[in-house]
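Okay, so the sequence shown: first residue is 14 according to the numbering used here, each after it adds one.
Glycine included, C-beta positions come from ideal geometry on N, C-alpha and C.
As the structure is a computational prediction, the values presented were derived from the model and not from experiment.
Encoded as C-alpha cells, the structure appears first; notes follow it.
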Amino acid sequence: MVFSVSRHEPLVDSPWSEARAGRGISAIATASEDAFDLATGLWPLHRYDYEPGIDHPLRSVYGGAAGIIWALEQLAAGGGVELVRDYGVVAERLDAEIEREPDEADRPDDGFLGGRCGALAVAQRRRDDLARADLLLQLMAGHAEHRALDLFYGSPGTMVLAAAEHVRTGDARFADVWRASADHLLDTWRVDEELGVRLWTQYVRPDRPDRYVGFGHGFAGNAFALLNGSGLTPDERRAVERDAVATAKRLAAVEGDLANWPAVVDAPLALSDGIRTQWCHGAPGMIIALGRACPDDGEWTELLLAGGRLTWDAGPLRNRAGLCHGAAGNAYALLALWQRTSDELWLERARRFAMHALAQVERQETPWHSLFTGDLGVALCLRSCLEGDARFPALDWF
C-alpha cells in the first residue's frame, strides 16, 4: 500500500460549481477580515497551529499575518472580493515584530516562508522602500549558505523570493543574490554512491542531518527553487532537470499504476503516523515541484500520472483543507497534471478536490486564518480552479 487509508476521507459528492466557488471565496475572505483583531493588529492563532513554546498570533507568510494580508490582496486583485480594511500599517511593522517575537522560538531564522524575508517582501509589494529593499537583500545574502538547505528556512526559500523580486523590480541585485545561493545549492547537491543519484543533506535542526525528499523541506523544493526563474544558463537548466528527474525516478515507491515518494531518503514510506500524501511530503508536492520538468520524457510523465492517480485514489486528506497538508494543496497537483498533459480529466479532478476543501472549511467549528494551513489557501485554490491556473500560491506566483 502506497497511501494510508486512515489519513484520508471520501470525496464529497459535490460537482464543480463556479457560482458556489465564487461564494466560497467571498465567504472565506469576509471571515478573515471579520477575525482581524484591532487590539493586536493580527489574527487569532488556530489551535492546530500551536507549537511548543508558541501561543501567540503568527506573523509570517506561512502561517501568519503576512500570508493572510498577501492572500486577501491577491483575492481582491482578482476581482469578486472587496476588502473593507487597508492592512498597510500592519504590513509595515511585521518585520520588527518577527525579529522581536519569532513565529518559531527554536528556529528564529530570517527565511521566506517562516521569517523576516517574507514579511519584508509583503510590505515591499504594498509600498516600495529603498531602505527596506536593502535590508531584504542583506538578509537574503546571509542565507546563501544556510545549513537548512530547504524551502522553509534556508536559501531555496529566499531564492524563490529573490527570483520574484527580480522580475517585479528589475533590480539586478536580486539576481545576484539568487545566483550566489544557487551556486551553493548546486555545490551541495552530491551524488549518493549507493543510489547513484544526487541528493541534498539538510540541517533543519542544527545538530541533526536529514535527507528529506519532498517539497516543503527537501529535494523537490530545492530543485523547484533552481528551476523557478531565469537564473540558470540553458545548459545548467537541462542538467538540473535531468538530474532532478533521475533522483525522483529513483526514489519513487511504485505499486501497480500508483506512485508515492517517501518523506526521507532510506526511511520507510510509512512514518509513525502513516504515509504522507500531501504538498510538503509525498506525491502531490513532487508533482507540483517537478511537473514542468523534462516535458518530452514519457517515462517521467507516466510516473507523474501514477502520482496523480495515487492522489486521486487516496482521496482528500482527513479534516484538513489547506495548502500544506490538505485537500487544496493536493488539488494543485491535479492542476499541474492538467497543465502537463492538457487532459481535462485532471482539471475536473482538481475542481472536485477544491469543492471538497470548501466543504471542509464550511463544516469546521472555527475558521482557520492562515495562508498555508488554513482557509485562505482554499480560497486561492478555488480561484485557481476558476481560472485554470496551475501556479502554486506564494511560490509559483508571489
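Review point. Hey, is Gly93's beta-carbon within less than 8 Å of any beta-carbon in chain D?
Key: No chain D appears in this structure, which consists of one protein chain only.
Check your understanding: Is the beta carbon of Pro406 less than 8 Å from the beta carbon of Leu393?
Key -> Translated into the one-based positions of the sequence shown, residue 406 becomes position 393. Translated into the one-based positions of the sequence shown, residue 393 becomes position 380. Yes, these two residues count as a Cβ contact at 8 Å.
Practice item. Less than 8 Å between the CB atoms is what I'm expecting for Leu174 and Ala134, so what's the real figure, rounded? Key: Locating residue 174 in the sequence shown gives position 161, where the first residue counts as 1. Locating residue 134 in the sequence shown gives position 121, where the first residue counts as 1. Confirmed, about 6 Å.
Exercise for review: Give me whichever residues DSSP pairs with His21 in a beta bridge.
Suggested key: Your numbering for residue 21 matches position 8 in the sequence shown. Answer is Leu330, bridged to His21.
Check your understanding: Where does Asp50 fall in DSSP's three states?
Key -> In the sequence shown, residue 50 corresponds to position 37, counting from 1. Secondary structure at Asp50: strand, using DSSP grouped into helix, strand and coil.
Review point. Alpha carbon to alpha carbon, how far is Leu149 from His69?
Key: Position 136 of the sequence shown, counted from the start, is the residue given in the question as residue 149. Position 56 of the sequence shown, counted from the start, is the residue given in the question as residue 69. So the two alpha carbons sit approximately 25 Å from each other.
Review point. Is Glu64 helix, strand or coil by DSSP?
Key: As a working note, residue 64 is residue 51 in the sequence shown. Strand, per DSSP.
Review point. Whose C-beta lies closer than 7 Å to the C-beta of Ala327 among residues of the same chain, with five residues either side of it excluded?
Key: Here residue 327 corresponds to residue number 314 of the sequence shown, with the count starting at 1. Around Ala327, the same chain offers Phe16, His21, Thr290 as residues with beta carbons nearer than 7 Å, after the five sequence neighbours per side are excluded.
Review point. How should Ser355 be labelled, buried or exposed, when 16 other C-beta atoms within 10 angstroms of its C-beta is the threshold for buried?
Key: Reading the sequence shown from its first residue, position 342 is the one you call residue 355. Flag for Ser355 reads exposed.
Point to revise | Cβ neighbour criterion (16 or more within 10 Å) applied to Glu254 | key: Residue numbering aside, residue 254 sits at position 241 when the sequence shown is read from its first letter. When all chains shown are included, Glu254 counts as buried.
Check your understanding: Is it a yes or a no for the stretch 302-314 touching the stretch 274-286, going by three-plus beta-carbon pairs under 8 Å?
Key -> No, the stretch 302-314 does not touch the stretch 274-286.
Practice item. With a floor of 3 residues, list each beta strand (DSSP E) that falls wholly inside the stretch 234-306, ordered by position along the chain. Key: Listed in chain order, the complete beta strand (DSSP E) runs (minimum 3 residues) inside the stretch 234-306 are 266-268, 271-273.
Practice item. Decide if Met172 is buried, meaning its Cβ has at least 16 other Cβ atoms within 10 Å, or exposed. Key: By 1-based counting over the sequence shown, the position of residue 172 is 159. Buried, by the Cβ-count rule.
**Study point:** Pairwise C-alpha distance: Asn343 and Trp292
**Key:** Position 279 of the sequence shown, counting from 1, holds the residue named residue 292. Position 330 of the sequence shown, counting from 1, holds the residue named residue 343. Trp292 and Asn343 have their C-alpha atoms spaced approximately 6 Å apart.
Check your understanding: Gly321 and Ile301 look like a contact to me (Cβ under 8 Å); what is the Cβ gap, rounded to whole Å?
Key -> Taking the sequence shown and counting its residues from 1, one reaches residue 321 at position 308. Taking the sequence shown and counting its residues from 1, one reaches residue 301 at position 288. Between Ile301 and Gly321 the Cβ distance is about 11 Å, and since that is not below 8 Å, they are no contact.
Practice item. Determine, using beta carbons only, whether Glu110 and Ile67 come nearer to each other than 8 Å. Key: Indexing the sequence shown from 1 puts residue 110 at position 97. Indexing the sequence shown from 1 puts residue 67 at position 54. In this structure, Glu110 lies away from Ile67, with their beta-carbon atoms at least 8 Å apart.
Practice item. To the nearest angstrom, report how far apart Val204 and Leu162 are at their CA atoms. Key: Position 191 of the sequence shown, counting from 1, holds the residue named residue 204. Position 149 of the sequence shown, counting from 1, holds the residue named residue 162. If you draw a straight line from the Cα of Val204 to the Cα of Leu162, it is about 16 Å long.
Review point. Mapping DSSP to helix, strand and coil, what is Leu208?
Key: Position 195 of the sequence shown holds residue 208. In this structure, Leu208 counts as coil in the three-state DSSP scheme.
Review point. Any idea if Asp123 is buried or exposed, counting beta-carbon neighbours within 10 angstroms, 16 or more meaning buried?
Key: Translated into positions along the sequence shown, residue 123 becomes position 110. With 16 or more Cβ atoms within 10 Å of its Cβ, Asp123 is classed as buried.
Point to revise | Candidates Leu347, Leu395, Val374, Ala265, of which the one nearest Ala367 by Cα | key: By one-based count along the sequence shown, residue 367 stands at place 354. Distances from the alpha-carbon of Ala367 to those of Leu347, Leu395, Val374, Ala265 put Leu395 closest.
Point to revise | Separation of Ser383 from Arg33, as counted between CA atoms | key: As a position in the sequence shown, residue 33 is number 20, starting the count at 1. As a position in the sequence shown, residue 383 is number 370, starting the count at 1. About 22 Å.
Check your understanding: From Val103, Val217, Ser39, pick the residue whose C-alpha is nearest to that of Ala52; which is it?
Key -> Start at 1 with the first residue of the sequence shown, and residue 52 comes out as number 39. If you compare the alpha carbons of Val103, Val217, Ser39 with that of Ala52, the shortest gap goes to Val103.
Exercise for review: Please report how far the alpha carbon of Gly35 lies from the alpha carbon of Leu408, in whole angstroms.
Suggested key: As a working note, residue 35 is residue 22 in the sequence shown. As a working note, residue 408 is residue 395 in the sequence shown. Straight-line spacing of the CA atoms in Gly35 and Leu408 works out to 23 Å.
Check your understanding: How should Thr246 be labelled, buried or exposed, when 16 other C-beta atoms within 10 angstroms of its C-beta is the threshold for buried?
Key -> By 1-based counting over the sequence shown, the position of residue 246 is 233. Exposed.
Practice item. Tell me, to the nearest whole angstrom, how far the beta carbon of Val94 is from that of Ala42; I am working on the premise that it is less than 8 Å. Key: Reading the sequence shown from its first residue, position 81 is the one you call residue 94. Reading the sequence shown from its first residue, position 29 is the one you call residue 42. Contact flag correct, Cβ pair sits at about 5 Å.
Point to revise | Buried versus exposed, by CB contacts within 10 Å (16 or more), Arg333 | key: As a position in the sequence shown, residue 333 is number 320, starting the count at 1. A residue is called buried when at least 16 other Cβ atoms come within 10 angstroms of its Cβ; Arg333 meets this threshold and is buried.
Review point. DSSP on Leu408, reduced to helix/strand/coil?
Key: For the purposes of this step, residue 408 is taken as residue 395 along the sequence shown, with counting starting at 1. Leu408: coil per DSSP, three-state reduction.
Point to revise | According to DSSP, residues forming a beta bridge with Asp223 | key: Your numbering for residue 223 matches position 210 in the sequence shown. Beta-bridge pairing links Asp223 to Gln215.
Practice item. Please look up how many angstroms separate the CB atoms of Ala257 and Leu303, rounded, as I've assumed it's under 8 Å. Key: Taking the first residue of the sequence shown as position 1, residue 257 is located at position 244. Taking the first residue of the sequence shown as position 1, residue 303 is located at position 290. Correct: roughly 6 Å between the Cβ atoms.
Point to revise | Per-residue burial, Pro275 [other beta carbons within 10 Å of its own, 16 or more giving buried] | key: The count along the sequence shown starts at 1 and reaches residue 275 at position 262. Taking every protein chain shown into account, the CB of Pro275 has 16 or more other CB atoms within 10 angstroms, so this residue is buried.
Practice item. Sort out for me which residues DSSP pairs Leu55 with in a bridge. Key: Walking along the sequence shown from the start, residue 55 turns up at place 42. The secondary-structure analysis by DSSP pairs Leu55 across a beta bridge with Asp50.
Check your understanding: If you compare alpha carbons, which of Arg364, Leu336, Leu399, Leu348 is closest to Gly387?
Key -> If you number the sequence shown from 1, residue 387 lands on position 374. If we check each option's Cα against that of Gly387, Leu336 comes out closest.
Review point. Per DSSP, Arg203 forms a beta bridge with which residues?
Key: Taking the first residue of the sequence shown as 1, we reach residue 203 at position 190. Arg203 is bridged to Leu212.
**Study point:** Per-residue DSSP class, three states only, for Thr379
**Key:** Within the sequence shown, the letter at position 366 stands for residue 379. Looking at Thr379 - three-state DSSP - the assignment turns out to be coil, as it is neither helix nor strand.
Exercise for review: Can you say whether Arg376 is buried or exposed, counting buried as having 16 or more other CB atoms within 10 angstroms of its CB?
Suggested key: Translated into positions along the sequence shown, residue 376 becomes position 363. Classification for Arg376: exposed.
Point to revise | Chain-order list of residues whose beta-carbon lies under 6 Å from that of Thr413 (same chain, five-residue window excluded) | key: The displayed coordinates of the chain run from 14 to 411. Any statement about residue 413 would go beyond what the structure contains.
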